[in-house]
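To start, the structure under review is shown below, and the notes come after it.
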Amino acid sequence: MLTLAKSTSLQAMGVLCLLAAASAHATVVEVRTALGNVQINLFDEETPETVENFLDYVNSGAYANTVVHRLEPGFVAQSGGFVYNGMFPLDSVPTGTPVINEPTLSNVRGTIAMAKLASSPDSATSQWFINLSDNSANLDVQNGGFTVFGQVLGNGMEVFDAIEALPRFDLGGAASSIPLRDYTSTDASNEVEITGDNLVIITDIVVTDSATVTNPDIVPVENTLLDAGSPNVPGSNNNSSGGGSLGFFLLSLALVCRCVKFKR
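For the sequence shown, the working numbering assigns the number 7 to the initial residue and increments by one for each residue that follows.
So this is what it looks like as structure tokens:
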């Protein structure tokens with residue numbers, strides 16, 4: 007009996023260690039904009055491919071001097087696709103291989119998600135957007151579901167709310183709904199030149215915390231609207247969509263309880 011007690015105690019300790027190791031890897035990045043800086047917690051564990059793809063662009067410096075080129079008030083603010091290099095037209099961000107769609111989490115207000123081509127679920131590259139409102143009813147199901155891979159921290163949405171309040175102008179192409187600062191419809195009528203000072207420029211996106219942490223204040227909202235059998239939902243066949251950590255936790259907890267019971 008003594009041997010069994012030691013064995014089960016060691017098992018319990020081992021499982022608890024596994025639980026500690028299973029805490030979400032929550033990389034934090036800082037989006038530095040002309041209107042203020044925003045910290046975003048990335049969901050490394052829930053959307054690993056998307057986070058890796060995003061961090062590849064971050065670490066390469068690809069997002070330096072990118073522009074918020076699309077604003078749809080009450081909907082999204084989009085960036086990551088075009089760079090301002092001191093002149094117009096804007097330059098495109100060089101992109102790599104598209105990333106697989108991981109629509110496990112919901113497009114609620116304050117989340118960051120990947121933009122992609124219409125009717126092409128696995129086409130996301132560098133462009134991303136912030137959900138300015140709860141867009142789950144639409145974006146959780148449209149085009150295979152849009153991949154949410156992080157959440158704005160603290161009062162960061164105040165920055166995007168300020169961006170949302172800016173007037174929009176049609177500069178053609180991808181900038182047909184671009185927000186501009188200190189620029190009015192009268193300026194547009196008088197053909198006043200638009201400069202970098204008028205753009206909402208993201209000077210850079212940098213990693214501020216790459217440690218493995220568990221933030222109790224952040225509870226990702228699962229996407230429950232997609233068909234459970236959809237091929238675009240990772241883990242849909244085993245009902246683990248967006249909940250791998252929770253499933254592992256419950257299984258491990260059961261093992262711990264079982265070990266304690268055997269100890270008696």
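For each residue, glycine too, the CB sits at the ideal point set by N, CA and C.
So the beta strand (DSSP E) M163 belongs to, where does it begin and stop? Unbroken run through M163 is the alpha helix (DSSP H), M163 to E170; no beta strand (DSSP E).
From F49, N91 and E51, residue whose alpha carbon lies closest to that of Y69: N91
Straight-line gap, P240 to V57 (C-alpha atoms, nearest Å): With a pLDDT of only 46 at P240, under 50, the local geometry of the prediction cannot be trusted, and no value is derived from it.
How is S66 classed by DSSP in three states: helix, strand or coil? helix
Looking at N113: is its Cβ nearer than 8 Å to the Cβ of N149? no
Residue span of the beta strand (DSSP E) that contains A119, given as start and end: T117 to M120
Between A121 and the ligand NAP, is there a pair consisting of the residue's CB and a ligand heavy atom that are separated by less than 7 Å? For the ligand NAP, the structure offers nothing, since it holds no ligand at all.
Who pairs with G42 in a beta bridge, going by DSSP? T39
Which residue wins for smallest C-alpha separation from I184, given the options P79, N71 and T192? P79
Mark T214 as exposed unless 16 or more other C-beta atoms lie within 10 angstroms of its C-beta, in which case mark it buried. exposed
Is the beta carbon of A119 closer than 8 Å to that of V165? no
Kindly say whether R115, judged by its beta-carbon, lies nearer than 8 Å to any beta-carbon of chain B. Checking the listed chains, one finds no chain B in this structure; it contains a single protein chain.
In this structure, how does DSSP classify L186 when only helix, strand and coil are distinguished? strand
Pop quiz: L172 and N47 are said to be a contact at Cβ under 8 Å. What is the actual Cβ separation, rounded to whole angstroms? In fact, because the Cβ distance is near 25 Å, the residues do not count as touching under 8 Å.
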